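Report on one structure; see the data block that follows.
Protein chains: 2
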Amino acid sequence: MKLNRILETCLYVRDLDAAFQFYQDVLGLELFSKMDNRHVFFRCGNAMLLLFNPDITMEAGKDVPPHGAYGEGHVAFYVEKAEMEKWRRHLLEHSVEIEAEIAWPNGGESIYFRDPAGNSLELASSGTWGIGNDE
Amino acid sequence: MKLNRILETCLYVRDLDAAFQFYQDVLGLELFSKMDNRHVFFRCGNAMLLLFNPDITMEAGKDVPPHGAYGEGHVAFYVEKAEMEKWRRHLLEHSVEIEAEIAWPNGGESIYFRDPAGNSLELASSGTWGIGNDE
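Sequence order for the protein chains is A and B. Residues 1 to 135 (this note's numbering) are what the first sequence spells out, left to right. Residues 1001 to 1135 (this note's numbering) are what the second sequence spells out, left to right.
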């Protein structure tokens, strides 16, 4: 009995329309569902990226336990090293400011930028963790 | 050029020792690294679950952009349906209160509970999203 797959990763955003536009149009994620002012869900491979409005989800619902946070969360997406330069150009073409770039000791590279809500996003290439990123 | 893998999922916890004990001893995740009062990192399959103390990571560091949030985040782990009952018993044996259980319309099942910091954790079986959970 071992947990070996994260199925849902969450970030909190209060402007769902801005998030929807950014994650779909700039990052190219596949929309799964959008519900009023509560959430917008994207599929990312065999997992889900869930963007919630914490003002709504912190209120107790009828089924799902409440959750929500204020601040700047963080998510990293895996990117093939060969595509890193293309992503760098893609972000700049969409006027996304690259906040930092890091070359890790084990050969990985990371690019950091922000979503419209200020969440810290990262594109990280193989080698970043040395955990079989290429698997 | 498509993002199809989330490499890093984060939660924020201020008591890293309590989180370390819970995620390693109760959830059985594999420790990757622990740094003082800043973070504890676990590997989960081909991704990383990063637990950060927001008091530290919200301060600007020298390389990595600051991030951090206060509140109750959410992460879901995929669990085989056949193991759901074992997990239910396992949580109860470790005195983890099950906050909610949901049977989804498409056949998936979810169990919700909290980590010591109050983050909402979920074990979700195949069928929960209908996105090839069994892939």
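Even for Gly, the Cβ is constructed at its ideal location relative to N, Cα and C. Computed from a prediction, not measured in an experiment: that's the story for all the values here.
Problem - Against chain B: residues of the region 63 to 79 of chain A by CB proximity under 8 angstroms - result: Going along the region 63 to 79 of chain A in chain order, one finds ASP63, VAL64, PRO65, PRO66, HIS67, GLY68, ALA69, TYR70, GLY71, GLU72, GLY73, HIS74, VAL75, ALA76, PHE77, TYR78, VAL79 with a Cβ nearer than 8 angstroms to chain B.
Problem - A/LYS86 in three-state terms, based on DSSP - result: Reduced to three states, the DSSP call for A/LYS86 is helix.
Practice task
Flag this pair as yes or no: are the beta carbons of A/GLY73 and B/LEU1003 separated by less than 9 angstroms?
Solution key: Contact flag unset, no.
Problem - A/LEU31, enclosing alpha helix (DSSP H) - first and last residue - result: That residue, A/LEU31, is in no alpha helix (DSSP H); its beta strand (DSSP E) goes 30 to 35.
Exercise for the section: Report yes or no: is there a C-beta of chain A within less than 9 angstroms of the C-beta of B/GLU1135? Expected result: Bear in mind that a pLDDT of 44 at B/GLU1135, under 50, signals an unreliable position, so the model cannot answer this.
Problem - CA-to-CA distance, B/PHE1020 to B/ARG1014, given in whole angstroms - result: The alpha-carbon atoms of B/ARG1014 and B/PHE1020 are separated by roughly 11 angstroms.
Practice task
State whether the region 98 to 109 of chain A contacts the region 120 to 128 of chain A, with contact taken as three or more CB pairs (one from each stretch) at a distance under 8 angstroms.
Solution key: Enough Cβ pairs lie closer than 8 angstroms, so yes.
Practice task
Can you tell me which of the three DSSP states B/ALA1100 falls into?
Solution key: B/ALA1100: strand per DSSP, three-state reduction.
Practice task
Tell me, please, whether the region 71 to 86 of chain A touches the region 1076 to 1087 of chain B by the rule of three or more beta-carbon pairs shorter than 8 angstroms.
Solution key: The region 71 to 86 of chain A vs the region 1076 to 1087 of chain B: no contact.
Problem - Proximity of B/GLU1008 and B/ALA1047 at Cβ, strictly below 9 angstroms - result: The Cβ-Cβ distance between B/GLU1008 and B/ALA1047 falls below 9 angstroms.
Problem - 8 angstroms Cβ cut-off: residues of chain A touching B/ASN1124 - result: First, the amino acid is wrong: residue 1124 of chain B is Ala here, not Asn. In chain order: LEU7, GLU8.
Exercise for the section: Look at the Cβ atom of B/PHE1052, then the Cβ atom of B/GLN1024, and state whether they are nearer than 9 angstroms. Expected result: No, Cβ-Cβ distance for B/PHE1052 and B/GLN1024 is not below 9 angstroms.
Exercise for the section: Since I believe A/PHE22 is in contact with A/ARG116 (beta carbons under 8 angstroms), could you give me their beta-carbon distance rounded to a whole number of angstroms? Expected result: With the sequence shown as reference, residue 116 of chain A is identified as Pro, and Arg is not the correct amino acid for it. Confirmed, about 5 angstroms.
Exercise for the section: Can you give me the start and stop residues for the alpha helix (DSSP H) that A/THR57 sits inside? Expected result: 54 to 57 is the extent of the alpha helix (DSSP H) around A/THR57.
Practice task
Measure the C-alpha to C-alpha separation of B/ALA1018 and B/LEU1027 and round it to an integer number of angstroms.
Solution key: Approximately 13 angstroms, taken between the alpha carbons.
Handout entry: Three-state secondary structure (DSSP) of A/ALA117
Key = When DSSP states are grouped into helix, strand and coil, A/ALA117 belongs to the coil group.
Problem - 6 angstroms CB neighbourhood of A/GLU99 in its chain, flanking five on each side removed - result: Cβ neighbours of A/GLU99 beyond the five flanking positions: TYR112, PHE113.
Exercise for the section: Compare the beta carbon distance of A/HIS90 and B/MET1001 with 9 angstroms and say whether it is the shorter of the two. Expected result: Contact annotation: A/HIS90 and B/MET1001 have beta-carbon atoms nearer than 9 angstroms.
Exercise for the section: Would you verify that the beta carbon of B/LYS1086 is, or is not, closer than 9 angstroms to some beta carbon of chain A? Expected result: Interface residue, yes.
Exercise for the section: Look at the alpha carbon of A/ALA103 and the alpha carbon of A/GLU85, and state the distance between them as a whole number of angstroms. Expected result: Each residue's CA atom was taken as its position, placing A/ALA103 and A/GLU85 some 13 angstroms apart.
Exercise for the section: With DSSP as the reference, label A/GLU109 as helix, strand or coil. Expected result: Reduced to three states, the DSSP call for A/GLU109 is strand.
Problem - chain A contact residues for B/LYS1081, given Cβ-Cβ distances below 8 angstroms - result: None at all; the shortest Cβ gap to chain A is about 13 angstroms.
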